[in-house]
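S.K.:
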Amino acid sequence: AGLVKPVALLLAPLFYRRGGWKAVAAPAAALVVLVARFPHGLTTYANDLLFNSWLYRLVPAPRAGLLAASGLAVLGLTWHCWRTDDGSDRSLTRQAIILIGATLLLTPVLSPWYLTWILPFGALTQSTFWLAFSGSVFLAYYGYLDRFEQPLLLVLELATPLLLWRWLRPREEAEWAGQPIGLKTVV
1313 AGLVKPVALL LAPLFYRRGG WKAVAAPAAA LVVLVARFPH GLTTYANDLL
1363 FNSWLYRLVP APRAGLLAAS GLAVLGLTWH CWRTDDGSDR SLTRQAIILI
1413 GATLLLTPVL SPWYLTWILP FGALTQSTFW LAFSGSVFLA YYGYLDRFEQ
1463 PLLLVLELAT PLLLWRWLRP REEAEWAGQP IGLKTVV
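The following block contains the structure:
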């Protein structure tokens, strides 16, 4: 899977905390193959394709700069997750939401099926945003009817889960007041 979509390799440092070198042997081998036989399709993907990406539509900056900033942001989050990971299953689930979620939101191409990577973690954490986004992301296909982008649908696609998350978050916090941080408190 790491050679098809390298996003899965983001979790390798977290696996190391849980199983040592044995847990990262396969991801490390995939990374070596990825570097040694770099698929040039990834370069085309990064440089030329654009689908369902709010960041690249709304921020008036050169694409290369946005890609670099996105990469640095994900690397910074990876470092943060590595430093704050306590080795528990709950922590792994939380860190997966953060790393995969950031990667999805910062990619120049966000195909709706990409959410299948984060949906299991969203279900485990009862993440309002990711569960709602998995329902609204279908608007991407309607937003590009006849190969022309429909900005209103792109806004609705992301605004719907954000508003739902914002509306439900105070209720969820009230339900969990006084309880230790757990799966339900993750975005």
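The opening residue of the sequence shown carries number 1313 in this note's numbering; numbering runs sequentially from there.
Think of the CB as a built atom: it goes at the ideal place given N, C-alpha and C, for glycine as much as any other residue.
Can you tell me the Cα-Cα spacing of tyrosine 1456 and glutamine 1462, whole angstroms?
M.R.: If I take the Cα positions, the gap works out to 6 angstroms.
S.K.: Only counting runs of 3 or more residues, tell me where the beta strand (DSSP E) segments fall wholly within the segment 1318-1382, in order along the chain.
M.R.: List check, beta strand (DSSP E) in window: nothing returned.
S.K.: Which runs of the alpha helix (DSSP H) fall wholly inside the segment 1379-1440 and span at least 4 residues, in chain order?
M.R.: With a minimum length of 4 residues, the continuous alpha helix (DSSP H) runs that stay inside the segment 1379-1440 are 1401-1418 and 1431-1437.
S.K.: Taking 8 angstroms as the cut-off, decide whether the C-beta atoms of phenylalanine 1363 and serine 1439 are in contact.
M.R.: No, the Cβ-Cβ distance between phenylalanine 1363 and serine 1439 is not below 8 angstroms.
S.K.: Using CA coordinates, which residue listed in Leu1418, Leu1417, Gly1413 and Tyr1454 is at the minimum distance from glycine 1434?
M.R.: When only C-alpha atoms are compared, the closest one is Gly1413.
S.K.: Going by CA-CA distance only, name the one from Ala1348, Arg1395 and Leu1427 that's closest to alanine 1452.
M.R.: The residue with the shortest Cα to Cα distance from alanine 1452 is Leu1427.
S.K.: Let me confirm a value: phenylalanine 1441 is counted as buried when at least 16 other C-beta atoms fall within 10 Å, else exposed. Which label applies?
M.R.: By the neighbour-count rule (16 or more Cβ atoms within 10 Å), phenylalanine 1441 is buried.
S.K.: Between the Cα of threonine 1419 and the Cα atoms of Leu1475, Leu1346, His1392 and Leu1384, which residue gives the shortest distance?
M.R.: Cα-wise, what sits closest to threonine 1419 is Leu1384.
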